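A.B. asks:
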Amino acid sequence: MSTFKLIDVRANLTNNEYSGCYGNTPIKIHKPDLEQVLERSWEAGLQKIIICAMDLAESKKALKIAKSDSRLFTTVGCAPTSCLQFEENGEPDLYLQQLKDVITLGKEKVVAIGECGLNCGITMSTLKFIDIKANLTNSQFSGAYKCCFRDPPTQIHKPDVKHVLERSWDAGLQKIIICALGLAESKKALRIAKLDSRLFTTVGCTPTRCLQLEENGEPDLYLQQLKDVIALGKKKVVAVGECGLNCDVYCYYPINVQLKCFEVQVQLSQLFNLPLIMYSQGDSAPKMLLDIIRKYPGTKGVIHYLDPTIEKMRKWIDEGFYIGLDTWSFRSEQAIEMVKRIPVDKMLFQTNCPDRVIQRTFPAYWHVSRENLELLTTNKRKWRPDFMVTGRSEPCNIRQILDMAAFVTNKNKNDLAEQVYCNTTRLFNFGENT
0 MSTFKLIDVR ANLTNNEYSG CYGNTPIKIH KPDLEQVLER SWEAGLQKII ICAMDLAESK
60 KALKIAKSDS RLFTTVGCAP TSCLQFEENG EPDLYLQQLK DVITLGKEKV VAIGECGLNC
120 GITMSTLKFI DIKANLTNSQ FSGAYKCCFR DPPTQIHKPD VKHVLERSWD AGLQKIIICA
180 LGLAESKKAL RIAKLDSRLF TTVGCTPTRC LQLEENGEPD LYLQQLKDVI ALGKKKVVAV
240 GECGLNCDVY CYYPINVQLK CFEVQVQLSQ LFNLPLIMYS QGDSAPKMLL DIIRKYPGTK
300 GVIHYLDPTI EKMRKWIDEG FYIGLDTWSF RSEQAIEMVK RIPVDKMLFQ TNCPDRVIQR
360 TFPAYWHVSR ENLELLTTNK RKWRPDFMVT GRSEPCNIRQ ILDMAAFVTN KNKNDLAEQV
420 YCNTTRLFNF GENT
């Protein structure tokens, strides 16, 4: 690299990250390291760097930095995202004069005007999302984690559902459906849902909890208790589930019990006129599920596929079902091909948090925008309320699903987000005008 001569025409060296501060509300993480950044730059063959200023304050700061090295230069200006500063206090002429003063003061250090331009694109705050499957009853959101699958959770940090929800609302989530996996979790999910008007829940029993149905030899009692939670929840309960069938070779739950548990929940959905939230795993699962669904005309819902096959997916769409997409729906080229074949008016988004963390190995990973990938995270043992936990997904990660879905379907993000939002409000009755 030393044989090349390079000039970086736009480096945001005034950014707080070069002072060691991160986040919308900057939090000090490490010492300022601009000096080290510049050393690496010169070693890489940079002959000159132009520091890009975004507004008046940054123009002044950039000039101060530029004066520290003969190879540093700067711009002076106001970016589109800072344009409101121009008319603050009703004095645009004063703002303009102050920019002129910085240019004059900078003399040979100021080499350009900007950053300037026009931003007619979307921002994440303008988009509306509904996460149809967030496992907020999971012990991880209480700060407790399992070392192994069958181990009891160990308390690592404080419960942080409050902070998780704050990040969700900031990311554009309008509503979140808490997914219940069994009777106890249905009750817990309802308690959480009652804390915020934007939270809703399901009531049901997932395939891996199906043995609860026959505990103590009283399946009718279990069913009645599920009914009681639905009745108690009134408009907070918007779906039955999570239900479905897991025929994976590593699933040790009897298929006949799983099917019985599923059919009971289909009956519940009919009784209370609620859609199903389902998943299907294993080659033989879709047919067995559809055989039961077809016994109950008018059954509606959304299904998430863990084994993507286009032919089986189409059968569910033909039955009027929606298809739920999470980040793992883009984990392979085969999975992506299935997503491409889903009509956009049949797509719903679900994070499945705290699971389903996006992976770099996913083919569509590199089409997620930088702002949706570079999220502040920390190890669970170094937990901080303003940081996400490394390896734990949250409802705010729904933006990653949109980015990947828009890319593989070649759709405009704004249009796709609006379509999926409308799809969701069409399936679920949130009891208000949405």
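If you count the sequence shown from 1, position 277 lands on 276 in numbering that gives the first Met the number 0, and the numbers rise without skipping.
Glycine residues also receive a C-beta, built at the ideal position from the N, C-alpha and C atoms.
These numbers come from a predicted model, not from an experiment.
Return helix, strand or coil for Gly120, following the three-state DSSP convention.
C.D. replies: Low confidence applies to Gly120: its pLDDT is 49, below 50, so where it sits in the model is not reliable, and the reading given next is rough at best. Residue state, collapsed to three classes: coil.
A.B. asks: Note the first and the last residue of the continuous alpha helix (DSSP H) segment covering Gly105.
C.D. replies: That run of the alpha helix (DSSP H) goes Pro91 to Gly105.
A.B. asks: So, for Gln84: in the same chain, excluding its five sequence neighbours on each side, which residues have a beta-carbon less than 8 Å away from its beta-carbon?
C.D. replies: Hits under 8 Å: Asp54, Leu55, Cys77 and Tyr94.
A.B. asks: Let me know if Ile121 comes out buried or exposed under the rule of 16 or more other beta-carbons within 10 Å of its beta-carbon.
C.D. replies: Residue placement at Ile121 cannot be trusted, given a pLDDT of 46 that sits under 50; the coordinates are not used to answer.
A.B. asks: My understanding is that Val301 touches Met337, with C-beta atoms under 8 Å, so please give their C-beta distance in whole angstroms.
C.D. replies: At roughly 15 Å, the Cβ-Cβ gap does not stay under 8 Å, so Val301 and Met337 are not in contact.
A.B. asks: What do you reckon, is the C-beta of Ile102 under 6 Å from a heavy atom of the ligand ADP?
C.D. replies: Among the ligands in the structure shown, none appear at all, so the ligand ADP cannot be discussed.
A.B. asks: For Trp41, is the classification buried or exposed, using 16 other Cβ atoms within 10 angstroms of its Cβ as the cut-off for buried?
C.D. replies: Exposed, because fewer than 16 other Cβ atoms sit within 10 Å of the Cβ of Trp41.
A.B. asks: Which whole runs of the alpha helix (DSSP H) in the stretch 135-182 are 4 residues long or more, in chain order?
C.D. replies: Here the runs fully enclosed are 160-169.
A.B. asks: Check this for me: beta carbons of Thr74 and Gly105, under 7 Å apart or not?
C.D. replies: Result no, Cβ atoms of Thr74 and Gly105 do not sit closer than 7 Å.
A.B. asks: Would you mind sorting Trp365 into buried or exposed? The rule is 16 or more other CB atoms within 10 Å of its CB.
C.D. replies: Flag for Trp365 reads exposed.
A.B. asks: Can you list, in chain order, the residues of its chain whose CB lies under 8 Å from that of Pro342, leaving out five sequence neighbours each side?
C.D. replies: Here the set comprises Ile316.
A.B. asks: I'd like the span of the alpha helix (DSSP H) that includes Glu34, first residue to last.
C.D. replies: Segment Leu33 to Glu42, the alpha helix (DSSP H) holding Glu34.
A.B. asks: So, using beta-carbon positions, are Gln349 and Ile131 closer together than 7 Å?
C.D. replies: It is a contact, given that the beta carbons lie within the stated cut-off.
A.B. asks: Can you pull the DSSP bridge partners for Cys242?
C.D. replies: Note: Cys242 sits in a beta bridge opposite Met277.
A.B. asks: Output the distance between the C-alpha atoms of Tyr321 and Met312, rounded to the nearest integer angstrom.
C.D. replies: Looking at the two C-alpha atoms, the distance is approximately 10 Å.
A.B. asks: For the 8 Å Cβ check, are there 3 or more pairs between the stretch 146-160 and the stretch 201-212?
C.D. replies: Taking 8 Å as the limit for Cβ pairs, the verdict is that the stretch 201-212 does not touch the stretch 146-160.
A.B. asks: Taking 8 Å as the limit between beta carbons, can you name the residues of its chain near Asn432, skipping five residues before and five after?
C.D. replies: Only weak support exists for where Asn432 lies, its pLDDT of 42 falling under 50; the coordinates are left without a value.
A.B. asks: In whole angstroms, give me the CA-to-CA distance for Ile102 and Val109.
C.D. replies: If I take the Cα positions, the gap works out to 6 Å.
A.B. asks: If I measure Cβ to Cβ from Cys209 and keep anything under 7 Å in the same chain, skipping five residues before and after, which residues do I get?
C.D. replies: If we look at Cys209 and ignore the five residues flanking it on each side, its Cβ neighbours are Tyr252, Val256, Gln257 and Cys260.
A.B. asks: So, with DSSP's three-state summary, where would you put Ile341?
C.D. replies: Reduced to three states, the DSSP call for Ile341 is coil.
A.B. asks: Between the Cα of Asn14 and those of Leu5, Ser58, Arg39 and Leu45, spot the shortest distance and give me the residue it belongs to.
C.D. replies: Residue Ser58 is the option with its Cα nearest to Asn14.
A.B. asks: Nearest-angstrom Cα distance between Glu34 and Ala43?
C.D. replies: The straight-line gap from Cα to Cα measures roughly 14 Å.
A.B. asks: For the beta strand (DSSP E) containing Asp130, list its first residue and its last residue.
C.D. replies: Start and end: Phe128 to Ala133.
A.B. asks: Could you check how far apart the C-beta atoms of Cys178 and Gly240 are, in whole angstroms? I think they sit under 8 Å.
C.D. replies: Right, their Cβ atoms sit about 7 Å apart.
A.B. asks: What does a CB cutoff of less than 6 Å around Arg9 pick up in its chain, not counting 5 residues either side in sequence?
C.D. replies: Cys51.
A.B. asks: Of the choices His162, Val163 and Gly142, whose alpha-carbon is the least far from that of Thr153?
C.D. replies: Comparing Cα positions, the closest option is Gly142.
A.B. asks: Taking DSSP's pairing of strands, which residues face Ile50 in a bridge?
C.D. replies: According to DSSP, which records beta bridges pairwise, Ile50 is partnered with Ala10 and Thr73.
A.B. asks: Just grab the DSSP bridge partners of Cys20 for me.
C.D. replies: Looking at the DSSP assignment, Cys20 forms a beta bridge with Lys27.
A.B. asks: Between which two residues does the alpha helix (DSSP H) holding Ile112 run?
C.D. replies: Premise fails: Ile112 lies in the beta strand (DSSP E), Val109 to Ile112, not in any alpha helix (DSSP H).
A.B. asks: Which partner residues does Ile302 have in the DSSP bridge list?
C.D. replies: Looking at the DSSP assignment, Ile302 forms a beta bridge with Met277 and Ile322.
A.B. asks: Of the choices Ile26, Leu347 and Gln224, whose alpha-carbon is the least far from that of Ser185?
C.D. replies: The shortest Cα separation from Ser185 among Ile26, Leu347 and Gln224 belongs to Gln224.
A.B. asks: Which one of Leu244, Glu16 and Lys27 has the shortest CA to CA distance from Ser283?
C.D. replies: Nearest of Leu244, Glu16 and Lys27 to Ser283, Cα basis: Leu244.
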